[in-house]
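Below is one structure, written out as structure tokens, with a few remarks after it.
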Amino acid sequence: MLDMITDRCSTVIIIILAITLNRSYTSLMILFLIGDISGHWLYMASSILTGKNSHKNVEKNMWPILKLYYSSKPLLFTLHACNEILWLTLYAQGSIHNKGTNLKQLNQIDQKFLSIIPYILYAVLPFALIKNIINFVHLFYGCNIFLDIDSENTKN
Numbered sequence: 265m266l267d268m269i270t271d272r273c274s275t276v277i278i279i280i281l282a283i284t285l286n287r288s289y290t291s292l293m294i295l296f297l298i299g300d301i302s303g304h305w306l307y308m309a310s311s312i313l314t315g316k317n318s319h320k321n322v323e324k325n326m327w328p329i330l331k332l333y334y335s336s337k338p339l340l341f342t343l344h345a346c347n348e349i350l351w352l353t354l355y356a357q358g359s360i361h362n363k364g365t366n367l368k369q370l371n372q373i374d375q376k377f378l379s380i381i382p383y384i385l386y387a388v389l390p391f392a393l394i395k396n397i398i399n400f401v402h403l404f405y406g407c408n409i410f411l412d413i414d415s416e417n418t419k420n
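According to this note's numbering, the residues represented by the sequence shown are 265 to 420, in order.
Set out below in structure tokens:
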């Protein structure tokens with residue numbers, strides 16, 4: 265659970281910093297934040313309520329996309345890495361643009377980095393989008409578990 269808390273907090277910080285530097289992406293970044301935080305927390309809470317040792321355990325009745333997500337460590341790593349690279353790249357892009365407007369001049373390293381940013385974003389964006397779709401799958405899956413728990417409690 266500690267790894268999830270630190271992961272959520274670090275992602276929130278990176279996204280908020282990126283939002284402050286890239287105002288044009290604000291709505292999209294907020295949507296990603298909502299999916300990330302609410303999806304993970306609801307899924308984690310539902311896992312705890314059902315007595316699971318870990319939210320990463322793969323079970324028979326789990327939705328297929330979550331089974332695939334948690335059973336393939338390379339897929340899990342790739343999606344997480346691309347998601348983090350996306351946010352760090354957007355943050356770096358905003359920082360360089362901000363520095364450029366303040367200094368009126370960018371050094372050669374900054375100029376070269378700015379020229380490759382679109383390629384980095386195009387490479388990682390599809391994977392980051394998949395990761396964020398899975399965040400919303402977590403949200404809906406966790407809601408279903410809560411609904412099952414509530415209906416079972418209502419019967420009793």
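The beta-carbon is built from N, C-alpha and C at its ideal position, and this holds for glycine as well. Just so it is clear, the structure is predicted and the values come from calculations on it, not from any experiment.
What do you get for residue i, buried or exposed, if any count of 16 or more other CB atoms within 10 angstroms of its CB means buried?
i, result
"K419", "exposed"
"F404", "exposed"
"Y307", "buried"
"D300", "buried"
"T275", "buried"
"S415", "exposed"
"N366", "Low confidence applies to N366: its pLDDT is 49, below 50, so where it sits in the model is not reliable, and the reading given next is rough at best. So N366 ends up on the exposed side."
Please return the same chain residues whose Cβ sits closer than 8 angstroms to the Cβ of residue i, not counting the five positions on each side in sequence.
i, result
"K368", "Its pLDDT being 49, under 50, K368 is placed unreliably by the model, and the measurement read from it follows with that caveat. Once the five neighbours on either side are set aside, K368 has no close Cβ partner at all."
"L340", "Y333 and Y334"
"I294", "I283"
"R272", "D300, I301, H304 and W305"
"Y383", "none"
Residue i lies in the alpha helix (DSSP H); which residues open and close that run?
i, result
"V276", "L266 to L285"
"M308", "T290 to L313"
"S335", "P328 to S335"
Taking the Cβ atom as the reference point for each residue, do residue i and residue j lie within a distance shorter than 8 angstroms?
i, j, result
"K395", "L343", "yes"
"I360", "L385", "no"
"L313", "I413", "yes"
"H304", "N408", "no"
"S311", "F410", "no"
Please list, in chain order, all residues of the same chain as residue i whose beta carbon is under 6 angstroms from its beta carbon, the five residues on each side excluded.
i, result
"S302", "L403"
"N347", "A392 and K395"
"T290", "I283"
Apart from the five residues just before and just after residue i, which ones in its own chain have a Cβ nearer than 7 angstroms to its Cβ?
i, result
"Y330", "The sequence shown places Leu at residue 330, rather than the Tyr named in the question. So the qualifying residues of the chain are V401 and Y405."
"L389", "L350"
"W327", "V401 and Y405"
"Y355", "I278, L281, A282 and L285"
"G358", "A282, L285 and N286"
"L297", "V276 and I279"
"N417", "none"
"T270", "none"
Pairs of beta-carbons, one from the stretch 315–335 and one from the stretch 269–287, closer than 8 angstroms: are there three or more? Touching, no, given that fewer than three Cβ pairs across the two stretches are closer than 8 angstroms.
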